[in-house]
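Residue numbers (the working numbering), protein chains in the order written: chain A, 43 to 295; chain W, 13 to 280.
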Amino acid sequence: MLNRALLLKLLSAVVLFGAWEIAGRIPVSFAFPTFLESMTALFEMTMNGMMFQAYSETLRPLAIGIAISAVLGIAIGLWVGLNSFFDWLFSPIFIVMQAAPLAALIPLLVLAYGIGLTSKVIVVCIMAMPVIVLNTSGAVRNTPESIKEMGQSFLASKTSILLRIVIPAASPVIFAGLRLGISAGFIGAILAELKITPTGVGDIITYSRSIADYPSMYAAIFSIILLAVLFLNLLEKIEKVLFKGNQRGYVSD
Amino acid sequence: MAMSPIKEVTAQTTPMEFESAVSVRNISKNYGDVEALRDMSLEFPRGQLTSLLGPSGCGKTTLLKIIAGLLEPTSGQVEVNGKTVSGPGKDRAFVFQDFALLPWATVIRNVAFGLEMRGVAASEREAIAEKYIKEVGLAGFEQSYPHELSGGMRQRVGLARALAVDSDVLLMDEPFSAVDEQTRRKFQEDLLNLVQIENKTFIFVTHSIEEAVYVSDQIAILLPRPSRVSEIIRPSSFRDKGVDNIRRDPEYLDIVDNIWASLRGYVE
Ligand SMILES: Nc1ncnc2c1ncn2[C@@H]1O[C@H](COP(=O)(O)OP(=O)(O)OP(=O)(O)O)[C@@H](O)[C@H]1O
Ligand SMILES: [Mg+2]
Numbered sequence: 043m044l045n046r047a048l049l050l051k052l053l054s055a056v057v058l059f060g061a062w063e064i065a066g067r068i069p070v071s072f073a074f075p076t077f078l079e080s081m082t083a084l085f086e087m088t089m090n091g092m093m094f095q096a097y098s099e100t101l102r103p104l105a106i107g108i109a110i111s112a113v114l115g116i117a118i119g120l121w122v123g124l125n126s127f128f129d130w131l132f133s134p135i136f137i138v139m140q141a142a143p144l145a146a147l148i149p150l151l152v153l154a155y156g157i158g159l160t161s162k163v164i165v166v167c168i169m170a171m172p173v174i175v176l177n178t179s180g181a182v183r184n185t186p187e188s189i190k191e192m193g194q195s196f197l198a199s200k201t202s203i204l205l206r207i208v209i210p211a212a213s214p215v216i217f218a219g220l221r222l223g224i225s226a227g228f229i230g231a232i233l234a235e236l237k238i239t240p241t242g243v244g245d246i247i248t249y250s251r252s253i254a255d256y257p258s259m260y261a262a263i264f265s266i267i268l269l270a271v272l273f274l275n276l277l278e279k280i281e282k283v284l285f286k287g288n289q290r291g292y293v294s295d
Numbered sequence: 013m014a015m016s017p018i019k020e021v022t023a024q025t026t027p028m029e030f031e032s033a034v035s036v037r038n039i040s041k042n043y044g045d046v047e048a049l050r051d052m053s054l055e056f057p058r059g060q061l062t063s064l065l066g067p068s069g070c071g072k073t074t075l076l077k078i079i080a081g082l083l084e085p086t087s088g089q090v091e092v093n094g095k096t097v098s099g100p101g102k103d104r105a106f107v108f109q110d111f112a113l114l115p116w117a118t119v120i121r122n123v124a125f126g127l128e129m130r131g132v133a134a135s136e137r138e139a140i141a142e143k144y145i146k147e148v149g150l151a152g153f154e155q156s157y158p159h160e161l162s163g164g165m166r167q168r169v170g171l172a173r174a175l176a177v178d179s180d181v182l183l184m185d186e187p188f189s190a191v192d193e194q195t196r197r198k199f200q201e202d203l204l205n206l207v208q209i210e211n212k213t214f215i216f217v218t219h220s221i222e223e224a225v226y227v228s229d230q231i232a233i234l235l236p237r238p239s240r241v242s243e244i245i246r247p248s249s250f251r252d253k254g255v256d257n258i259r260r261d262p263e264y265l266d267i268v269d270n271i272w273a274s275l276r277g278y279v280e
């Protein structure tokens, strides 16, 4: 039931925020504001338009990077999963990419692509794409042999087998990869703004830290997490609509 | 020797003249070093049900998939209606042991899958699918998803899907092994009716001696790897005595005993 799930989500939110509030009041550290202080700061920054301006900057590399990672990542993943030669050729690249210490690569990216949008988009892609590619290719490789044989025996063409059997069967794992990739992309977008040039939400974080306005800093961090959670929920809704009957119970939030 | 009683039974049943729908000619199949089938030949009479009976791992599924065109034989060939098989075709439909339903598709879409792949228009294929869903006793479940059905119901969906494409030859790989005994008996009776009303050739893989004797016009007994046909039995007298009397018929009981006697040696 929706109500029960919603109730549990609300309950866990209350517990989390309660703990935050208490930790802020003790306080654990002078640099750790309470939940209510942070929310007040968030409210103020929303009302004076600062948040919207920040997000108009941050969302650009984020949206572009995630769109590229999703489309290209799934395409490459399908390709790699269906063809053992491309698997051999490309899989190592994405495994290395996933393991690479991104912070160490950023100076190189800046050197090559400057401090503009391109570098930030690339950071988002490096964070988001590998897990999407690897999940997609793994899922495609693991399509149950029996339903592929079923397709063949009922005269499905190669394209039909891909579109009507392989992709739907892989979709739960592809979507799981998308969720992981998108969360990583959010991290990448903020990381890019902290490490390349402080703009958008990254600027709020950097600036408010430098003037010791910790409530604003945590408000900015909180807002990006909230946005990520909302976006992942939306993705789950899309998946449910697209592949009804394929639900096997997911937890993303 | 344990073989001799079967020979007698086959001798009693005078070999009938029949037309073959499917001919398996000198088929061998190796999986790497494993020799699954060796030089196997077998005829499947049109409009009848032939069972492939043999111990686990003797190559029944392999043979069925070769007939279906899903596997290439290492040597030899299969003919269906006089044409050599080179891949899956419209003349054959497969019922899978593990159902092989699409979990994200409703019953009606699963049943219509084969028709859809053949390019039948949506309204027409739904009408056909509905008809076969009714025929297998699943009316009312058209919009259900496979995970909402019992194992027996899922198998009926697989059967309806194979019937819907209206192929000459129905290949069934242990279709009743995943259902309980009562359902199984019901399925066996239904299958006998199906053989009567549908003018199709059935090739039926089973582990169960009783099931094979109960449903078959012809039973091919396969011996373990490398597999070959050891006996062909054609029960003759009890087929038209009605579904309720078969299991009491002396010939039925004799054949079951004799098959067990000849297979017993391979089970240990
Ligand atoms: N893909 C494969 N690769 C290697 N060996 C295989 C493969 N498929 C089957 N075999 C071997 O071929 C033999 C026949 O297998 P098959 O599945 O046809 O047996 P079966 O008679 O259907 O058995 P069961 O009654 O248990 O289903 C087995 O011994 C198996 O080990
Ligand atoms: Mg088998």
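We put the beta carbon where it would ideally sit given N, CA and C, even for glycine.
Would you say ILE189/A faces chain W, with C-beta separation under 9 Å as the test? yes
Is LYS72/W near ligand 2, judged by its Cβ being under 8 Å from some heavy atom? yes
Does any residue of chain A bring its CB to less than 9 Å from the CB of PRO247/W? no
Comparing alpha-carbon positions, which option in ALA33/W, ASN93/W, ILE79/W and ASP45/W lies nearest VAL107/W? ILE79/W
Any C-beta of chain W sitting closer than 9 Å to the C-beta of PHE196/A? yes
As assigned by DSSP and simplified to three states, the class of ASP269/W: helix
How about LEU82/W: is its C-beta nearer than 9 Å to some C-beta of chain A? yes
Between GLY291/A and chain W, is the shortest Cβ-Cβ distance under 9 Å, so that the two count as touching? For GLY291/A, the pLDDT reaches just 36, beneath the cut-off of 50, and the residue's location in the model is therefore unreliable, leaving the point undetermined.
Going straight from the alpha carbon of GLU171/A to that of GLY107/A, what length do you get? The displayed chain sequence assigns Met, not Glu, to residue 171/A. Each residue's alpha carbon lies about 9 Å from the other.
Leaving out five residues on either side along the sequence, give the residues of the same chain with a beta carbon under 7 Å from the beta carbon of ILE189/A. ILE207 and ALA211
Is there contact here, the region 241–258 of chain W with the region 86–101 of chain W, by at least three beta-carbon pairs under 8 Å? no
Run the CB neighbour count on LEU268/A, radius 10 Å, all protein chains shown included, and call it buried at 16 or more, exposed below. exposed
Within 9 Å, strictly: CB atoms of ILE244/W and LEU275/W: no
Following a CB-centred definition, is LEU54/W positioned closer than 8 Å to any heavy atom of ligand 1? no
Do GLU186/W and ligand 2 come close, with the Cβ less than 8 Å from some heavy atom? yes
Neighbourhood of LEU175/W by C-beta distance below 6 Å, restricted to the same chain and skipping five residues each side: TYR144
Terminal residues of the continuous beta strand (DSSP E) containing PRO57/W? 46–57
Identify the continuous beta strand (DSSP E) that holds LEU183/W and give its terminal residues. 181–185
Identify, in the order they occur along the chain, each residue of the same chain with its Cβ nearer than 6 Å to the Cβ of TYR97/A, setting aside the five sequence neighbours on each side. none
Does the distance between the C-beta of LEU52/A and the nearest non-hydrogen atom of ligand 1 fall short of 8 Å? no
Expected contact under 8 Å - CB spacing of ALA83/A and ALA261/A to nearest Å: 4 Å
Cβ pair ILE137/A, ILE238/A closer than 9 Å: no
Note down, in chain order, each residue of its chain lying with its Cβ closer than 6 Å to the Cβ of GLY244/A, except the 5 sequence neighbours on either side. ILE232, GLU235 and LEU236
Closer than 7 Å by C-beta to THR218/W: which residues in its own chain qualify, once you throw out the five before and the five after it? Chain order, please. SER63, LEU65, GLU186 and ALA224
Which one or two residues does DSSP pair with PHE216/W in a beta bridge? SER63/W and MET184/W
Where does LEU150/W sit, in a helix, a strand or coil, going by DSSP? coil
Run through DSSP, which three-state label would ALA198/A get? coil
Measuring only between beta-carbons, confirm whether ALA211/A sits less than 9 Å from chain W. yes
Is any non-hydrogen atom of ligand 2 found closer than 8 Å to the C-beta of VAL217/W, if you look at the structure I gave you? yes
What does SER202/A touch in chain W if you count any residue whose Cβ is under 7 Å from its own? MET129
CB contact below 9 Å: ILE164/A versus chain W: no
N- and C-terminal bounds of the beta strand (DSSP E) containing GLY254/W: Run containing GLY254/W: none; DSSP gives neither H nor E here.
Near MET184/W, which residues of its chain fall below 6 Å by C-beta distance, leaving aside the five closest residues on each side in sequence? VAL107 and PHE216
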